[in-house]
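*Asks:*
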Ligand code: FPP
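Residue numbers (full-length UniProt numbering): 1 to 267.
1) In chain order, what are the residue ranges of uninterrupted beta strand (DSSP E) at least 3 long that sit wholly in the segment 119–153?
2) Roughly how many angstroms separate the alpha carbons of residue 189 and residue 197, rounded to a whole number?
3) Would you check if the distance between the CB atom of residue 90 and the CB atom of residue 162 is smaller than 7 Å?
4) Within the present structure, is the beta-carbon of residue 55 separated from the nearest heavy atom of ligand 1 by less than 6 Å?
5) Suppose the cutoff is 7 Å on Cβ atoms and the five residues either side in sequence are ignored; what does the same chain contact list for residue 36 look like?
6) Over what stretch of residues does the alpha helix (DSSP H) that includes residue 254 continue unbroken?
7) If you drop the 5 nearest sequence neighbours on each side, which residues of the same chain put their C-beta closer than 8 Å to that of residue 11?
8) Mind listing, in chain order, the continuous alpha helix (DSSP H) runs of no fewer than 4 residues lying wholly within the segment 61–127?
9) Kindly confirm or deny that the segment 229–247 and the segment 49–63 touch, where touching means at least three C-beta pairs closer than 8 Å.
10) With the cut-off set at 7 Å, would you say residue 283 and residue 127 are in Cβ contact?
11) Say the cut is 6 Å; is the CB of residue 43 nearer than that to a heavy atom of ligand 1?
12) Using a C-beta cutoff of 7 Å, does residue 225 count as contacting chain D?
13) Mapping the DSSP letters down to three states, classify residue 37 as helix, strand or coil.
14) Of the choices 246, 184, 177, 229, whose alpha-carbon is the least far from that of residue 212?
15) Just to check, is the beta-carbon of residue 47 closer than 6 Å to a non-hydrogen atom of ligand 1?
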């Protein structure tokens, strides 16, 4: 079981300049001043991991849940402000029905089993995407989980379910168009901030780092707006094999990036 190195419950405004005393030696390589505020993860390769071991694909998803728990806890240790993970895309409905049903059951079990511990760790969970497209029982669990943790001040943990970046932007555009048609705002009021407030991730910092496991190098309709200036980290490791040490590798790599945001320096 995971060790509560920092006691878990503290708020992210308490981010440290250097490693807190007694920190896990795994974090010795961390540059505490150059950590991303918001990390997004495309958890790819569950199927390939399972097939490589002669198992059925769903065994890979099951193993992926354990990895997700470990990565969330590592992100909490590192005082990452927001972690957004791609659990199910608007395109994933094309998968065989038994696999889709398995995934829905897995999400539901995950919530049942992990809710309390996440709450103890001051996690604030939020589901992003078209929640209304998910099975009704699961929707209820998702809403209850969000309500339970809504006032928590620790890591913002966004789980993308029935999520598509284009779909999110369409919903934002429709909402703003409605407000304009009702005379609540003028078209000129629609700026970057107005759009951000309509996104499912409203209130979160922009994505600094996108991690994608399992070798493919694409964004797959994930957080299109939020990742405008994100750094990308690709690894061949399949998601179930992505350990906390792999997450630390990504942090170390990120710390070495020269981020210029379109300018000439990173200032
Ligand atoms: C991609 O691997 C993974 C998914 C579509 C599902 C991700 C789900 C989990 C990691 C389960 C845990 C999530 C929660 C929120 C409890 P793939 O099936 O596309 O793998 P492949 O590319 O090798 O086929």
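We treat Cβ as the ideally placed atom computed from N, Cα and C, and that holds for glycine.
*Replies:* According to the structure shown:
1) 124–128
2) For the purposes of this step, residue 189 is taken as the residue at position 189 of the chain shown. For the purposes of this step, residue 197 is taken as the residue at position 197 of the chain shown. The alpha-carbon atoms of residue 189 and residue 197 are separated by roughly 12 Å.
3) Your numbering for residue 90 matches position 90 in the chain shown. Your numbering for residue 162 matches position 162 in the chain shown. Result yes, Cβ atoms of residue 90 and residue 162 sit closer than 7 Å.
4) In the chain shown, counting from the first residue as 1, residue 55 sits at position 55. No - ligand 1 has no heavy atom lying nearer than 6 Å to the Cβ of residue 55.
5) To locate residue 36, count along the chain shown from 1; it is residue 36. Result list for residue 36: 80, 208, 209, 254, in chain order.
6) As a first step, residue 254 is located in the chain shown; it is residue number 254 there, counting from the start. Residue 254 -> alpha helix (DSSP H) spans 244–255.
7) Position 11 of the chain shown, counted from the start, is the residue given in the question as residue 11. Confidence is the limiting factor: at residue 11 the pLDDT is only 49, short of 50, which leaves the residue's position unreliable, though a coordinate-based value still follows. The beta carbon of residue 11 sits closer than 8 Å to those of 122, 153, 154, all from its chain and outside the five residues before and after it, given in chain order.
8) 97–120
9) yes
10) A question about residue 283 goes unanswered here, because the residues of the chain that appear run from 1 up to 267.
11) Along the chain shown, read from residue 1 onward, the residue named residue 43 stands at position 43. For ligand 1, at least one heavy atom lies less than 6 Å from the Cβ of residue 43.
12) The structure shown contains no chain D; it is built from a single protein chain.
13) For this step, residue 37 is matched to residue 37 along the chain shown. It is coil, neither helix nor strand.
14) One-based indexing of the chain shown puts residue 212 at position 212. Checked all of 246, 184, 177, 229; the closest Cα to residue 212 is 246.
15) Here residue 47 corresponds to residue number 47 of the chain shown, with the count starting at 1. Yes; taking the cut-off as 6 Å, the Cβ of residue 47 has a heavy atom of ligand 1 nearer than that.
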